[in-house]
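Inspection log for the structure reproduced underneath, given as structure tokens.
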Amino acid sequence: MRMYDLILKKREGRELTTAEINYFISGYNCGQIPDYQAAALLMAIFFRGLNERETAELTMAICDSGDRADLSGIPGIKVDKHSTGGVGDKTTLVLVPLVAAAGVPVAKMSGRGLGHTGGTVDKLESIPGFNVTLQPAQFIEQVRGVGAAVVAQTGNLAPADKKLYALRDVTATVESVPLIASSVMSKKIAAGADAIVLDVKVGSGAFMKDTAGAFKLARTMVEIGSQVGRRTVALITDMDQPLGRAVGNALEVKEAIDTLKGAGPPDLLELCLVLGSTMLLLAGKSASLEEGRSQLKNLLASGKALEKFEELISAQGGDPLVTSEFSRLPAAKSVQEIPAPLSGYVQSINAAEVGHSAMLLGAGREKKEAQIDLSVGLVLNKKVGDSVQAGESLATIHANNLGQLDVARETILQAYTIGQKKPEPRPLLIGTVP
Ligand code: URA
25 MRMYDLILKK REGRELTTAE INYFISGYNC GQIPDYQAAA LLMAIFFRGL NERETAELTM
85 AICDSGDRAD LSGIPGIKVD KHSTGGVGDK TTLVLVPLVA AAGVPVAKMS GRGLGHTGGT
145 VDKLESIPGF NVTLQPAQFI EQVRGVGAAV VAQTGNLAPA DKKLYALRDV TATVESVPLI
205 ASSVMSKKIA AGADAIVLDV KVGSGAFMKD TAGAFKLART MVEIGSQVGR RTVALITDMD
265 QPLGRAVGNA LEVKEAIDTL KGAGPPDLLE LCLVLGSTML LLAGKSASLE EGRSQLKNLL
325 ASGKALEKFE ELISAQGGDP LVTSEFSRLP AAKSVQEIPA PLSGYVQSIN AAEVGHSAML
385 LGAGREKKEA QIDLSVGLVL NKKVGDSVQA GESLATIHAN NLGQLDVARE TILQAYTIGQ
445 KKPEPRPLLI GTVP
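In my numbering, the protein residues as written are 25 to 458.
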């Protein structure tokens with residue numbers, strides 16, 4: 025078999041066989057197929073697509089490029105959750121303790137941020153002492169004891185996806201339904217949960233910019249999940265403006281803690297209730313979404329979800345006092361307001377621009393190996409639909425690198441559109457598949 029022939033076949037829009045897909049993934053994973061040929065095939069797939077069979081086989085080939093986590097030592101139905109990536113998305117920090125407090129075991133493997141999107145593992149590392157690298161046996165033991173653990177995805181879980189994702193990131197081939205679906209589902213299947221809840225983001229801060237594309241991605245992933253016996257539900261949710269108000273690692277941890285205390289932003293709380301009630305239903309802990317939602321609200325109101333977060337932090341070596349003393353989290357040296365240039369209503373906030381601005385301040389990484397600054401970022405004081413007076417603060421910048429402050433300020437000002445008419449609110453939950 026020759027890689028050249030596979031590239032030519034897909035370039036001409038023809039179907040790849042099972043053997044060809046397996047040849048590509050195993051050859052690329054072990055370094056026999058060079059980046060330039062893999063990149064050419066990815067671009068051909070980007071334009072020509074993959075059918076259902078090819079997408080499912082690509083997913084399983086990526087999944088089988090490494091180990092599979094064995095969660096059989098944890099009693100109960102294990103439910104995983106995955107977001108396709110957004111700006112200000114700190115739902116995992118709230119959902120893990122919330123759902124665990126409801127009695128659903130959560131064994132979560134999370135990623136680091138790349139580009140304008142943030143990663144849960146970076147956010148958790150802003151809690152002093154928090155250890156995201158547990159050994160497999162420790163990980164299972166913690167889920168059995170505490171009910172939850174969050175670790176960085178190990179190097180050998182779907183390793184072909186790591187290589188492919190890094191290549192896609194620099195060859196403009198990320199935004200493809202079969203490539204995103206196989207990337208997400210290969211990791212989820214390898215991570216071993218019995219059921220999967222997918223948060224498919226759509227809008228300016230998401231990979232999928234239009235609703236039709238987001239539904240297509242959702243249906244493709246749900247179909248792959250069901251084919252391998254994992255109950256999978258996808259929720260299509262709005263990412264046309266950042267989620268909540270905070271963007272940046274320690275700032276997002278504070279906002280997640282506020283949400284666990286019942287004082288978080290309404291959109292973040294709503295998304296956590298929507299995703300959490302779906303997780304409870306799949307885990308068999310509630311008979312309906314409404315019943316699950318009311319269980320979750322009670323766990324927030326009673327403080328049990330916050331206590332579970334403190335327990336999780338302590339179990340992973342972190343300082344649990346951060347939940348009552350925010351001064352224990354890293355803080356930036358300079359805090360500056362961005363005044364609104366005119367009065368009116370906020371029409372839109374380009375989420376990708378906000379993410380980019382946070383990255384310029386040091387909160388995110390442009391390249392995988394870059395160091396990030398956990399203390400910096402932004403807090404949006406105005407969201408879509410809010411009225412604003414000229415001179416009033418649109419957002420607060422938390423910065424250490426003063427050289428980047430002006431660029432970040434300009435990027436934020438460009439992200440906001442202010443107009444005279446109050447815009448119609450966009451729903452947070454756009455749809456569910458199936
Ligand atoms: N998230 C992933 O894990 N993979 C993609 O391709 C896109 C988002």
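Note that beta-carbon positions come from the ideal geometry of N, C-alpha and C, so glycine has one too.
Just the C-alpha distance for I248 and M209, rounded to the nearest angstrom, thanks.
7 Å
Would you say V201 touches the ligand URA, meaning its beta carbon is less than 7 Å from a heavy atom?
Here the distance from the Cβ of V201 to the nearest heavy atom of the ligand URA is not below 7 Å.
Rank L320, A176, R192, G227 by C-alpha distance to the C-alpha of E135 and give the top, closest one.
The sequence shown places Gly at residue 135, not Glu. The shortest Cα separation from G135 among L320, A176, R192, G227 belongs to A176.
Exposed or buried, what is S207 when buried is set at 16 or more other beta-carbons lying within 10 Å of its beta-carbon?
With 16 or more Cβ atoms within 10 Å of its Cβ, S207 is classed as buried.
Since A307 and I101 should fall inside the 8 Å C-beta cutoff, what is the C-beta to C-beta distance between them, to a whole number of angstroms?
5 Å
What number of angstroms, rounded off, separates the C-alpha of K187 from the C-alpha of S417?
42 Å
Would you call the region 223 to 243 in contact with the region 103 to 121, where contact means no fewer than 3 C-beta pairs closer than 8 Å?
yes
Output the distance between the C-alpha atoms of S348 and P202, rounded to the nearest integer angstrom.
44 Å
Secondary structure, alpha helix (DSSP H): runs of 4+ residues fully inside the region 333 to 405:
375 to 385
As a quick exercise: from A439, D397, P447, pick the residue whose alpha carbon is nearest that of L148.
D397
Residues in its own chain within less than 8 Å of N53 by CB, not counting five upstream and five downstream?
S89, P183, A184, K187
Roughly how many whole angstroms lie between the Cα atoms of S338 and A214?
27 Å
beta-carbon T108 near the ligand URA non-hydrogen atom, thresh 7 Å:
yes
Which stretch, first to last residue, makes up the beta strand (DSSP E) that contains M133?
Start and end: 130 to 134.
Give the range of the alpha helix (DSSP H) segment to which K285 is assigned.
Per DSSP, K285 belongs to no alpha helix (DSSP H) and is neither H nor E.
Tell me the rounded alpha-carbon separation between E390 and G142.
Roughly 11 Å separates the two Cα atoms.
Is the distance from the Cβ of L452 to the Cβ of V271 below 8 Å?
No. Outside cutoff.
Counting pairs of Cβ atoms below 8 Å between the region 271 to 287 and the region 323 to 330, do you hit three or more?
yes
Would you verify that the beta carbon of A274 is, or is not, closer than 8 Å to some beta carbon of chain C?
Here there is only one protein chain, and chain C is not present.
What are the partner residues of G142, as DSSP defines its beta bridges?
According to DSSP, which records beta bridges pairwise, G142 is partnered with nothing at all.
Is F70 near the ligand URA, with its Cβ less than 7 Å from a heavy atom?
no
Could you check whether the Cβ of F231 sits closer than 7 Å to any heavy atom belonging to the ligand URA?
F231 Cβ: within cutoff of the ligand URA.
Out of T420, V167, A172, T197, which one is the CA nearest neighbour of A64?
Distance from the Cα of A64 is smallest, within the candidate group T420, V167, A172, T197, for T197.
Start-to-end residues for the beta strand (DSSP E) that takes in D223:
219 to 226
Inside the region 255 to 331 only - beta strand (DSSP E) runs reaching at least 3 residues:
255 to 262
Which ranges would you report for the alpha helix (DSSP H) in the region 181 to 216 if only whole runs of at least 4 residues count?
183 to 194, 201 to 214
Report yes if the C-beta of S207 is less than 7 Å from at least one heavy atom of the ligand URA; otherwise report no.
yes
Buried or exposed (CB count within 10 angstroms, at least 16 for buried), T256
buried
Within 10 Å of its beta-carbon, does P266 have 16 or more other beta-carbons around it, so buried, or fewer, so exposed?
buried
By DSSP, does A230 sit in helix, in strand, or in coil?
coil
For F70, which of S200, I86, V252, V346 has the nearest alpha-carbon?
Per the Cα distances, S200.
Tell me whether V198 counts as near the ligand NAP, meaning its Cβ is closer than 7 Å to at least one heavy atom of that ligand.
This structure does not include the ligand NAP; its bound ligands are the ligand URA.
Could you tell me whether the Cβ atoms of K132 and V174 are closer together than 8 Å?
Taking the C-beta atoms as reference points, V174 is found nearer than 8 Å to K132.
Identify every run of the beta strand (DSSP E) within the region 45 to 128, keeping only runs that are complete inside it and at least 3 residues long; order them along the chain.
The region 45 to 128 contains these whole beta strand (DSSP E) runs: 103 to 107.
Please return the same chain residues whose Cβ sits closer than 7 Å to the Cβ of V252, not counting the five positions on each side in sequence.
I213
Does the pairing of the region 374 to 382 with the region 424 to 442 give three or more beta-carbon distances under 8 Å?
yes
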